[in-house]
Structure formats: structure tokens, C-alpha cells
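full-length UniProt numbering applies: residue 1 is where the sequence shown begins, and numbers increase by one.
The C-beta atom is built at its ideal place from N, Cα and C for all residues, glycine as well.
Note that this is a predicted model, so its numbers are computed, not measured.
This report concerns only the one structure given below.
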Amino acid sequence: MTFLTNNKYTFFGIAAILLWSCVTAFIRDLSELFGPTGGAALMYSVSAIFLMLVMGIPKIKHYPKRYLIIGGTLFVAYEVCLALSLGLANSRHQAMEMAIINYLWPALTILFSVILSKNKVNILVYPSILLAFSGVAWCISGDQGLSLETLMHNIADNPITYLMAFSAAIIWAFYCVITTRISNGKNAIALFFAATAITLWVKYAFSHEPSFHFTPHSTLILLLSGIVIGTGYALWNQAMIGGNIILLGTLSYFTPVFSTLFASFYLSISLGGSFWQGVFLVTLGSLICFIVTRSKTPQPENKHTAVKPSE
């Protein structure tokens, strides 16, 4: 009992990482139940309400204006791109590819941090980033083998979703680097979630998606997904109080593995050996980047980096 009490904040952080790993599967499921835009709008609405109930209603005057405008815009753009890339994928398997592309953001975040930093950079950073990109290419190419022709052929099958997924990774990397400098330690996650929900509702109003049909099953999935992502952020904030930062930071880079495991089970997807190899390469590349820069480059503020509260 004493062990649990002394390490409760670390357990909060581990729970947050595991909860975030469920988001990919839930977003895809909701897109099939309510439509790509409608499902995302519903989920972010539930999450925003939950976060405000747990963390309190945010007061805009308490946040730096630059953080609200720049950080909020980047956050909303990221969440919209990610949700729609998962929802508009042609299949559940393709949605998994979108998720792995999204997980390029840790490597990209470190790349942008290195570019902006004047410190001497460990030579292993660049091959590690290349390793992460190679992992994504490996996932997209599938069991046909890694080749430029196969890669381009698969991307051409649904180029908009691939573009949105890659854009999401770049946007989140910028968000992580920039908000560290302009947030003054503030956390407007509840406000940003509300802004994301509003943006998606506006898009839904101009879309041709059908009206919602609620059933006990779909309603349960909606509430569960919204609460899961909201709980993840709430627990992460608690983890930052006294958790083992180095352990949580390291574990967070295994999120692609946890996410793929959960999604393959929840969505009943059979993933080939090449896909798992790609996931491993993405994880390994990001983890090496984290290890070789941890003591030299200030770690970004984001939902998986265990230095500051999420977003």
C-alpha cells in the first residue's frame, strides 16, 4: 500500500499514456458510427465538457494572448487534421497507417528544437529521425516490400488523408516547440478542446454527412471515448506533480506500440509483420532522438513529453 501511495503520480502518468493509446481506435469507430466530421465533433464536445467539469471552466484573461491565438490555432488544426485523416481513411487498416504517420511528431519536434537551438547536437539525432521516417514508409508499403513505386501507389489511393496525417505531425511538432516558449507555464487544454469542437461543428454544418442516429451502443462509445481522452489529460496533469519524469518520458515514446496493439484488437484488424516492423522503427527512432537530446535540448511541452503538463 505504501508503494502505491509513494508512486501514485507515476501510475497516473502511465494510465494517461495507456488512455491516449485508445484514441486512434475510438476516433475511427466514431467516424463509422456518426461520420468522420460528426463523430469527431461529438467526441471533442464530450471531452471539452468533461475537462471543464474536472479542471474548471477556463478564464481567457488568465492566458497569454499569443498562446491563445498561436497555440490555439495550431492545436485546433492538429486535432482536426488527425481526426479527419483517421475518419476519412478508406479502411481501418489505412486508418492505422494515418495513426503511425501522426507519430512522426516526436522526431519532428526534436528536429525543430535542434534547428532552433544553438547547442551542439548529437550526431545520432539525424539518423534517428531518418529511422522514424523509414518506419512510416515501411508501414505504408506493406508486405509488398519497401519501394518508392509501391509507396507512391498506396498514397495515391487516398492522398488527402495522407496529406492531413503528415500535416498533423508537422503542426503538432510546431505546437510543442512554440507553446513551450509562449505559454508561460499555462495550460489551456480545456479551452482548446472546446475550440476544436466548435470548429468541427462548423465544418459539419457545411458538410453532406447524414444526421446522427443514436443507439445505446453508439452513445456508450461516444461517452467512453470522450471521457477516456479527457481523463488522460487530467491524469497527466496530476502525474506532473510528483511522478517519475524520466520514466514517464521514456514510456510515452512507446505510445505507437500501445496504440497499434489496442486498435488492432478493438477494430479487429490483422496487421502484417512489415507493419509491426515499421511501428518498431518509428518507436525506436523517436526514442533514440529523445535519449540523445534529453540532457542537451529543452524538452517540448506536449501531451506525451513528461516535463510539463500536457498542452
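- Here E209 carries a coil assignment [DSSP, helix/strand/coil].
- By the Cβ neighbour-count rule, A89 is buried, with 16 or more other Cβ atoms within 10 Å of its own.
- DSSP places A173 inside the alpha helix (DSSP H), whose first and last residues are 159-182.
- CA-to-CA, the gap between A205 and A195 works out to about 15 Å.
- Along the length of the stretch 218-299, whole alpha helix (DSSP H) runs at least 4 residues long occupy 245-252, 255-266, 273-293, reported in chain order.
- Residues W138 of the same chain have their beta carbon placed closer than 7 Å to that of Q277, with the five preceding and five following residues left out of the count.
- The C-beta separation of Y253 from L287 comes to about 4 Å, placing the pair in contact by the 8 Å criterion.
- Residue nearest to N184 within the set R66, A165, Y44 is R66 (criterion: CA-CA distance).
- Assigned with DSSP and collapsed to three states, P216 falls in helix.
- Boundaries of the alpha helix (DSSP H) around D29: 23-34.
- Cβ neighbours of T283 within its own chain (closer than 7 Å, five residues either side excluded): Y253, F254, P256, V257.
- Looking from the CA of P106, the closest CA among I189, A173, L222, V279 belongs to A173.
- Taking a C-beta distance under 8 Å as the contact criterion, V80 and L222 do not qualify as a contact pair.
- Its Cα nearest to that of S274, the residue S134 stands out among L130, L51, S134, I70.
- Between the alpha carbons of A188 and W201 lies a distance of about 20 Å.
- The UniProt domain "EamA" (10-138) contains, as complete alpha helix (DSSP H) runs of 4+ residues, the segments 23-34, 36-55, 72-87, 92-102, 105-116 (chain order).
- Only buried fits E97, as 16 or more other CB atoms lie within 10 angstroms of its CB.
- Contact between the stretch 43-58 and the stretch 222-237 is established, with three or more Cβ pairs separated by less than 8 Å.
- CA-CA distance, K8 to A48, rounds to 25 Å.
- Classified as buried, G39 has 16 or more neighbouring CB atoms from the shown chains inside 10 Å of its CB.
- For a cut-off of 8 Å, the C-beta gap from A165 to S85 is around 4 Å, short enough to register as a contact.
- Taken atom to atom, the span from the alpha-carbon of L130 to that of L82 is near 22 Å.
- Taking each of V76, T180, E149, F26 in turn and checking the Cα distance to P64, the smallest one comes out for T180.
- Using a 10 angstroms sphere on the CB of D157, the tally of other CB atoms stays under 16, which defines it as exposed.
- In its chain, beyond the 5 residues on either side, G285, I288, C289 have a beta carbon closer than 6 Å to the beta carbon of S128.
- Here N119 is exposed: its Cβ has fewer than 16 other Cβ atoms, across all protein chains shown, within 10 Å.
- With the rule of 3 Cβ pairs closer than 8 Å, the stretch 13-21 counts as touching the stretch 241-250.
- Counting every other CB atom within 10 Å of its CB across the protein chains shown gives F214 a total below 16, marking it as exposed.
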